[in-house]
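Just below is one structure, and these are the notes that go with it.
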Amino acid sequence: MEGELVFPEDDPAGAEVRSRYERAVFYGGDVDLPGAHLRGFRISAPAELGISGPVPLYEMRIRSHREPLVPALCAQLSVVGASGLPLQSVPLRFYERSRGTGGATLFGSDVAGLIEVQVRLAPGAGTWQLDVLSSEPQDYPTPATALPVLQVMAHARTGAIVRLTFQAREMPTSLESTLDSDWTDDDFRTWVGLCEDLRFIQEATNTSFPIPSEMTGADASGIRQTASLLRGEAVSLGRGPLTLTLKPDRAGALDVFSAGQQRLVLAREITFQLEGWSAPLGTCVEYCVVERPSRLAHVRDEMRSGRSASVRLNLPRGGRVYRRLLKHMPLEWLPPELAARCEVNAAEASGPFGEPSR
617 MEGELVFPED DPAGAEVRSR YERAVFYGGD VDLPGAHLRG FRISAPAELG
667 ISGPVPLYEM RIRSHREPLV PALCAQLSVV GASGLPLQSV PLRFYERSRG
717 TGGATLFGSD VAGLIEVQVR LAPGAGTWQL DVLSSEPQDY PTPATALPVL
767 QVMAHARTGA IVRLTFQARE MPTSLESTLD SDWTDDDFRT WVGLCEDLRF
817 IQEATNTSFP IPSEMTGADA SGIRQTASLL RGEAVSLGRG PLTLTLKPDR
867 AGALDVFSAG QQRLVLAREI TFQLEGWSAP LGTCVEYCVV ERPSRLAHVR
917 DEMRSGRSAS VRLNLPRGGR VYRRLLKHMP LEWLPPELAA RCEVNAAEAS
967 GPFGEPSR
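Numbering (our numbering), first residue to last: 617 to 974.
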């Protein structure tokens with residue numbers, strides 16, 4: 617078969633196709649050529665075969681032969697900071713190689729299979745090019761496995777230095793290049809931050825599970841709040857108001873609110889849940905300052921008649937409800953029974969005033 621490849625100089629799209637074609641020929645590799653760039657292709661064969669003549673082509677696929685690399689060629693991909701030290705690195709394995717007229721292409725991936733990597737080398741010219749392609753893993757890895765790859769992608773910003781080091785037995789060989797564009801956007805970096813929090817949660821709770829295949833906004837909020845709790849921070853739950861439902865035998869609790877503003881402390885057991893997986897966090901304390909409720913006389917009448925009653929509690933201007941792990945709470949904030957439990961892994965979950973709703 618013979619014919620002509622056409623790449624009009626005034627066609628930007630055609631120039632891109634030509635660049636991919638020349639790169640595949642020079643380094644070895646794969647390229648697809650649309651029919652618009654194929655002209656005059658015909659088959660020349662002995663007449664008795666009856667197949668000679670023009671051939672309409674709608675696309676041509678060129679595939680280079682790939683040689684297996686046995687054993688696989690090991691390498692390290694790093695993003696280097698201004699100090700010259702790696703900001704993050706990830707190990708790579710190259711399993712195949714193709715050759716071209718002036719160089720070669722290495723094909724590999726990271727250990728977790730999250731990215732595919734192609735490296736084009738031209739030893740004679742002393743140049744190299746790197747392509748990082750995302751792949752669809754069959755199974756979503758744990759955060760600890762995936763994070764090195766995700767962090768490399770997040771650190772790869774315009775102006776950063778990317779270093780590829782081949783772990784040769786005799787002498788490691790390093791290649792460096794300055795990035796002219798970011799590899800990822802801010803949305804991706806936010807997602808990386810969530811995976812960092814998820815790894816922290818798993819390490820803090822000694823519970824291991826994979827990264828969710830899908831993550832909602834509610835999932836993201838739960839991950840951030842849970843990581844903050846485990847770091848000992850206070851998490852804001854909102855400004856209120858609160859509604860407490862009190863059973864008749866808890867009528868004495870109303871006396872607490874009669875004197876004006878009071879400190880309200882509730883304890884409960886909290887479990888972190890994500891896509892069918894769960895990890896117990898232990899006893900959490902929800903606390904705030906509340907104002908004297910209205911309609912106390914009506915509430916007392918309801919409870920004296922043997923019925924449960926709801927008390928609406930407003931927070932002072934600027935006040936908030938906070939949640940914190942019991943073990944990180946200041947002792948002066950806790951009633952005696954919770955202060956006694958502060959250093960014990962208690963199993964009780966009910967608070968002194970019932971369950972609030974918001």
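Beta carbons are placed, not taken as given, at the ideal position from N, Cα and C, and that holds for glycine.
Values in this document were obtained by computation on a predicted structure and should not be read as measured data.
Could you give the distance in angstroms between the alpha-carbon of residue i and the alpha-carbon of residue j?
{"i": "Arg679", "j": "Gly892", "result": "44 Å"}
{"i": "Asp648", "j": "Ala836", "result": "40 Å"}
{"i": "Val906", "j": "Leu846", "result": "26 Å"}
{"i": "Ala566", "j": "Leu897", "result": "Here the chain covers residues 617 to 974 and nothing more, so residue 566 does not appear."}
{"i": "Leu621", "j": "Gly630", "result": "11 Å"}
{"i": "Ser694", "j": "Ala820", "result": "28 Å"}
{"i": "Gln692", "j": "Arg779", "result": "8 Å"}
{"i": "Glu664", "j": "Glu683", "result": "37 Å"}
{"i": "Asp626", "j": "Val641", "result": "23 Å"}
{"i": "Arg923", "j": "Val808", "result": "51 Å"}
{"i": "Ala772", "j": "Glu732", "result": "16 Å"}
{"i": "Thr794", "j": "Trp744", "result": "12 Å"}
{"i": "Glu885", "j": "Pro759", "result": "25 Å"}
{"i": "Pro687", "j": "Ala728", "result": "18 Å"}
If you reduce the DSSP assignment to three classes, tell me which class residue i lands in.
{"i": "Trp949", "result": "helix"}
{"i": "Arg920", "result": "helix"}
{"i": "Met769", "result": "helix"}
{"i": "Ile817", "result": "helix"}
{"i": "Arg634", "result": "helix"}
{"i": "Gln692", "result": "strand"}
{"i": "Trp799", "result": "coil"}
{"i": "Phe825", "result": "coil"}
{"i": "Glu830", "result": "coil"}
{"i": "Thr859", "result": "strand"}
{"i": "Asp626", "result": "coil"}
{"i": "Ser790", "result": "strand"}
{"i": "Arg840", "result": "helix"}
Tell me, please, which residues DSSP counts as bridged to residue i.
{"i": "Tyr903", "result": "Val881, Tyr938"}
{"i": "Leu852", "result": "Leu is not the amino acid found at residue 852; the sequence shown has Ser there. Partner(s): Tyr938."}
{"i": "Arg658", "result": "Glu618, Pro670"}
{"i": "Asp646", "result": "Arg679"}
{"i": "Phe804", "result": "Beta-bridge pairing links Phe804 to no other residue."}
Leaving out five residues on either side along the sequence, give the residues of the same chain with a beta carbon under 7 Å from the beta carbon of residue i.
{"i": "Glu918", "result": "Ala925"}
{"i": "Gly656", "result": "Gly619, Glu620"}
{"i": "Ser894", "result": "Thr887, Phe888"}
Just to confirm my understanding: we take residue i, look at its own chain, exclude 5 residues before and 5 after, and list those with CB closer than 8 Å. What are they?
{"i": "Gly645", "result": "Arg639, Ser680, Ser714, Gly716, Thr721, Gln734, Arg736"}
{"i": "Val696", "result": "Pro702, Leu703, Ala776, Ile777, Val778, Arg779, Glu792"}
{"i": "Glu830", "result": "Glu891"}
{"i": "Val938", "result": "The amino acid at residue 938 is misidentified as Val; the sequence shows Tyr. Cβ within range, chain order: Ala850, Val851, Ser852, Leu853, Glu902, Tyr903, Cys904."}
Only counting the same chain, and skipping five residues up and downstream in sequence, which positions put a Cβ closer than 6 Å to that of residue i?
{"i": "Phe816", "result": "Ala843"}
{"i": "Arg634", "result": "Phe623"}
{"i": "Gln877", "result": "Val905, Glu907"}
{"i": "Val706", "result": "Leu693, Asp726, Pro764, Val765, Val768"}
{"i": "Leu810", "result": "Ala836, Ile839"}
{"i": "Phe825", "result": "Trp893"}
So residue i packs on residue j, CB below 8 Å; how close in whole Å?
{"i": "Glu902", "j": "Leu882", "result": "5 Å"}
{"i": "Thr774", "j": "Asp755", "result": "Not a contact, Cβ separation roughly 33 Å."}
{"i": "Arg928", "j": "Gly854", "result": "Going by Cβ atoms, the distance from Arg928 to Gly854 rounds to 15 Å, so no, they are not a contact pair."}
{"i": "Arg957", "j": "Thr899", "result": "7 Å"}
{"i": "Leu931", "j": "Gly856", "result": "4 Å"}
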